[in-house]
Amino acid sequence: MRKRQQRHDVIRDIIREYSVKTQRDLAEQLQAAGYDCTQATISRDIMDMGLVKSREGFYVLPEEMRLQRMVSELVEEVHLAGNMVVVKTYSGGAAGVSAALDKASLKGALGTVAGDNTIMIATATPEAASDVAGAINRLRRR
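The sequence shown runs 614 to 755 under the numbering used here.
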């Protein structure tokens, strides 16, 4: 059970970091991370985790499906400011996007504060801010 949970954690990180379209893509990323899995194991993991495909054909985590839709529809700009990420949304969109970001628990994000059309995301380091901004920009493009 522990090995499976560790593999699921790695799969979550892969799905968040890369644009994965096929089980083969996922298998290659898992192998690069040190997990040698059969296609049957990967298929079972996808079912167990509830992974779904976006309209563009990428695997997404169920908790990020809402986030992906909101980010692609409402986010206008993403900027880095040291260990902060500033996200500009259409008027009135910041609160909803901020709540979805919090719920998705993006790796590296410590918390968010939202106004009407601006979200400030705090991270521990500038590197983490860059990772969070990259994840949001990937969600914008899907």
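Glycine is no exception: its CB is placed at the ideal position from the N, C-alpha and C atoms. Nothing here was measured: the structure is a model prediction, and the numbers come from that model.
Rounded to whole angstroms, the Cβ separation of Gly-721 and Thr-702 is 20 Å, and the two are not in contact under 8 Å. Put simply, of Gly-709, Cys-650 and Leu-643 the residue whose alpha carbon is nearest the alpha carbon of Asn-730 is Gly-709. Between Arg-629 and Asp-658, the gap from beta carbon to beta carbon reaches 9 Å or more. In the three-state DSSP reduction, Val-633 falls in the coil class, being neither helix nor strand. With a threshold of 16 other beta carbon atoms within 10 Å, Val-698 meets it and is buried.
Per DSSP, the continuous beta strand (DSSP E) segment holding Glu-690 begins and ends at 688-694. Listed in chain order, the alpha helix (DSSP H) runs fully inside the region 642-684 are 652-662, counting runs of at least 4 residues.
In this structure, the alpha-carbon of Ser-685 lies about 34 Å from that of Asp-649. Beta-bridge annotation (DSSP): Thr-736 is paired with Ala-722.
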